[in-house]
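All residue numbers for the sequence shown refer to our numbering, where the first residue is 210 and numbers rise by one. One structure is given below, encoded as structure tokens.
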Amino acid sequence: MKLNILVLIFIIILSAFLRLYHLDTLPPSPYWEEVALGYDAYSILQTGRDHHGQALPILAFESFGDWKPSGYFYVTVPSIALFGLNIWAVRLPSALAGVGTVLLIYLLVKLLLQKHKQKEYIALASALILVIMPWHILVSRVAFETNLALFWTCLGIYFLLFALKSKKIYLLPVSVLPLILSMYTYHSNRVVTPLLVLGLGILFVKKLWQQKIWTVISIVLAFLFVLPIILNFSNPQLNHRLAETSVFTQLEPILESNQAIARHGDTVWAKLLHHRFWYYAKLYLDHYFSHFNPQFLFISGDSNIRHSVGLVGQLYWLQLPLLFLGIYYLFAKKEKNMMLMLWWLVVAPVAAGATKATPHALRALLMVIPLATLCAYGLINFVTAIRKAMPKYILIGSLILLVGGFAFELGQFWYYYTTVYPIKSSQDWQYGYKEMVQFIKEHQNEYDQIIVTRDQGRPAMYYWFYTKTDPKLVQAWENKTPKDQGEFLQFENIYFGIKPQEQGKQLVISSTKMGKQNILKSIVNLEGKPVFYIY
210 MKLNILVLIF IIILSAFLRL YHLDTLPPSP YWEEVALGYD AYSILQTGRD
260 HHGQALPILA FESFGDWKPS GYFYVTVPSI ALFGLNIWAV RLPSALAGVG
310 TVLLIYLLVK LLLQKHKQKE YIALASALIL VIMPWHILVS RVAFETNLAL
360 FWTCLGIYFL LFALKSKKIY LLPVSVLPLI LSMYTYHSNR VVTPLLVLGL
410 GILFVKKLWQ QKIWTVISIV LAFLFVLPII LNFSNPQLNH RLAETSVFTQ
460 LEPILESNQA IARHGDTVWA KLLHHRFWYY AKLYLDHYFS HFNPQFLFIS
510 GDSNIRHSVG LVGQLYWLQL PLLFLGIYYL FAKKEKNMML MLWWLVVAPV
560 AAGATKATPH ALRALLMVIP LATLCAYGLI NFVTAIRKAM PKYILIGSLI
610 LLVGGFAFEL GQFWYYYTTV YPIKSSQDWQ YGYKEMVQFI KEHQNEYDQI
660 IVTRDQGRPA MYYWFYTKTD PKLVQAWENK TPKDQGEFLQ FENIYFGIKP
710 QEQGKQLVIS STKMGKQNIL KSIVNLEGKP VFYIY
């Protein structure tokens, strides 16, 4: 067996270990988005409908009223069918997508640099860098839709490149399916995926023009598959998430614009100079470029502890010089095909820049592919350039030091992630719900009403998830329960964040102490801090 194949096998095994090890307990508890994905996938499996009773939603699932893209739900169905309704089964598709993306970056880079003498080394280095990247490890261990969308994007781009670079142009329409799936899996991809394809189209415009029939077939197919998204673009329900997160719904730029115009006499020139467009453009560019901030990339990462451990940035420090080398060689060698990676890096945060919370590790996840590739490209080209001018033992020693440095950074990150991080982040991962739901289940028949706080978020979904409630029972309550947007506030004798009108023997679960009442049980997170008090 060739050495490169052995190295690739090692990389895949390492990738699987880092993404599957204690998958159900690292992170320590499922976030509410994960239980929502899991329970609705379970509902589809059992009844063919989501928990609201909607039959096989295509564009989006109503969920909590935030209308999540449908892709991850359907991919989770076979996982739950095989392993049951549990967090391991819900996170498994993301973990496998993470491993699959590692293989795809190897294949993609090797195909992209078909004529490069060191293509094998650059492809292997790209895969290895992605394997150990904190950014990619973290998202692959959680049921984040963006990670599955990243896999679909890489698969689609690979098929597209393969069709264009080989004589098998008839495979061009095959690339359409995974690319479209990425758009049905995560919101950001509805913007970024078309931009990526546009860049590829410009890069290979001559080949596409020569194969007009297959190009037209692919475009027509893509249009037909995207049509439901286009037709529902103005649907207020499906745009609920966009309205919540978009910077363009903020009023501050309008107020600043109006004040500036008033200060300058309300003239035509003032209206042109201080038009709200310029203020929104500045706000957007600030948010867009924040994703290239060294503080975000190399020092502290995303401020949301679910997206970054806080100990390191989204990347390792050692990737910084490699990234500079990669960009240098990209322009020095003027390798046409590598321009795709530069374009990929530029467009990856385009959608993320339009949102309020930035920099955002999930919405800009597509950046990991060009970042890993550019680091590998810089490393291999640099080693190739200096190996003749440097004594062999110094070169080998330097490479050993580099590998050792990466091993140290990986070890430091992994130790922190598996020991300190679960304790530090347990509150943010809604730790305590499982124990609380188990208590309710054991004592539910002893009380007339059970009142559960909503302070920790989405208690109804956690209840259904951990008790594996029959989805038909939940669907039967769709028109009987009061709701907050799409979130149920009552199920059977359990009231979530509201008080029952009837009186009787009550079990109360609160996130704060309630005077002098006797506490039946207190549930604490991994830091030992109380999460729920049961009265």
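We treat Cβ as the ideally placed atom computed from N, Cα and C, and that holds for glycine.
Whether S224 touches V351 by CB criterion (9 angstroms): Contact flag unset, no.
If you compare alpha carbons, which of T394, N546 and W361 is closest to L388? Looking only at T394, N546 and W361, the smallest Cα-Cα distance to L388 is reached by W361.
Reduced DSSP secondary structure (H/G/I, E/B, other) of T690: Collapsing the DSSP output to three states places T690 in coil.
What does F697 pair with, by DSSP beta-bridge criteria? Per DSSP, K692.
Quick one: measure Cβ to Cβ for R228 and S349, integer angstroms, because I've assumed they're closer than 8 angstroms. Contact flag correct, Cβ pair sits at about 4 angstroms.
Can you give the Cα-Cα distance for P558 and F442, rounded to whole angstroms? One C-alpha to the other measures close to 21 angstroms.
Indicate the three-state DSSP secondary structure (helix, strand or coil) for K277 in the structure shown. Strand.
Report the three-state DSSP secondary structure of I660 (helix, strand or coil). Here I660 sits in strand by DSSP.
Exposed or buried, V629, counting other C-beta atoms within 10 Å across all chains shown (16 or more means buried)? Answer is exposed; the Cβ neighbour count stays below 16.
Tell me which residue opens and which closes the beta strand (DSSP E) that Y742 is part of. P739 to I743 is the span of the beta strand (DSSP E), which, as asked, contains Y742.
Given that a residue counts as buried once 16 or more other Cβ atoms are within 10 Å of its Cβ, and exposed if not, what is W478? W478 is exposed by the Cβ-count criterion.
Close beta carbons around A355, own chain, < 6 angstroms, minus the five adjacent residues each side: In the sequence as presented, Ala is not what sits at residue 355; that position holds Thr. Excluding sequence positions up to five before and after T355, its CB lies within less than 6 angstroms of the CB of Y395, L571 and L574, all in the same chain and listed in chain order.
Between which two residues does the alpha helix (DSSP H) carrying F507 extend? In the DSSP annotation of this structure, F507 is not part of any alpha helix (DSSP H), being labelled neither H nor E.
Buried versus exposed call for Q523 [16 or more other C-beta atoms within 10 Å across all chains shown]: Flag for Q523 reads buried.
Assuming Q658 and N702 make a contact with CB atoms under 8 angstroms, what is their CB distance in whole Å? Right, their Cβ atoms sit about 6 angstroms apart.
Using a Cβ-Cβ distance under 9 angstroms, would S517 count as near chain B? Among the protein chains of the structure shown there is no chain B, as only one such chain exists.
Just tell me which of K491, P579, T476 and Q684 has its CA closest to the CA of S272. Taking only the C-alpha atoms, the option nearest S272 is Q684.
If I measure Cβ to Cβ from S607 and keep anything under 6 angstroms in the same chain, skipping five residues before and after, which residues do I get? Excluding residues within five positions, none has a Cβ falling inside 6 angstroms.
Give me the DSSP bridge partner(s) of K714. Beta-bridge partners of K714 (DSSP): none assigned.
Give every residue of the same chain whose Cβ lies closer than 7 angstroms to the Cβ of L531, excluding the five residues on either side of it in the sequence, and list them in chain order. Only residues of its own chain outside the window of five on either side were considered, and among them C584, G587 and L588 have a CB closer than 7 angstroms to the CB of L531, listed in chain order.
Can you name, in chain order, every residue of its own chain whose Cβ lies under 6 angstroms from the Cβ of N590, other than the five neighbours on each side? Excluding positions up to five away in sequence, the list reads Y538.
Can you tell me the Cα-Cα spacing of A490 and L554, whole angstroms? Whole-angstrom Cα-Cα distance: 20 angstroms.
Residues bridged to A264 by DSSP? Looking at the DSSP assignment, A264 forms a beta bridge with R258.
Buried or exposed: V620, going by 16 or more other Cβ atoms within 10 Å of its Cβ? For the sequence presented, residue 620 should be read as Gly rather than Val. G620 is exposed by the Cβ-count criterion.
If you count every other CB in all the chains shown that lies within 10 Å of the CB of G365, and 16 or more means buried, which is it? Here G365 is buried: its Cβ has 16 or more other Cβ atoms, across all protein chains shown, within 10 Å.
Is the CB-CB distance between Y624 and V244 below 9 angstroms? For Y624 and V244, no; Cβs fall outside 9 angstroms.
Write down the C-beta distance between L716 and Y656 rounded to the nearest angstrom, noting that I regard them as a contact closer than 8 angstroms. Separation of the CB atoms of L716 and Y656 is rounded to 4 angstroms, and the pair is thereby assigned contact status at 8 angstroms.
Using DSSP's beta-bridge definition, name the partner residues of I703. I703 pairs with I659 and F700.
Comparing alpha-carbon positions, which option in L320, I609, A332 and N295 lies nearest L370? Among L320, I609, A332 and N295, the Cα nearest to that of L370 is on L320.
Can the beta-carbon of S335 be found closer than 9 angstroms to that of Y367? For S335 and Y367, no; Cβs fall outside 9 angstroms.
Thinking C-beta only, is T310 closer than 9 angstroms to P631? Not a contact, by the Cβ cut-off of 9 angstroms.
State the DSSP-derived secondary structure class of A269, mapped to helix, strand or coil. Three-state DSSP puts A269 in a strand.
Just mark F505 as buried or exposed, buried being the case when its beta carbon has 16 or more other beta carbons within 10 Å. By the beta-carbon neighbour count (other beta carbons within 10 angstroms, threshold 16), F505 is buried.
Excluding the 5 residues preceding and the 5 following S238 in the sequence, name in chain order all residues of the same chain whose CB lies nearer than 6 angstroms to its CB. So the list reads W638, Q639 and Y640, once near-sequence residues are dropped.
Please state whether the Cβ-Cβ distance between S288 and P302 is less than 9 angstroms. Against a cut-off of 9 angstroms, the Cβ pair of P302 and S288 comes out as a contact.
Top-ranked residue by Cα proximity to K677, from Y525, Q255 and Y240: Residue Q255 holds the alpha-carbon nearest to the alpha-carbon of K677 among Y525, Q255 and Y240.
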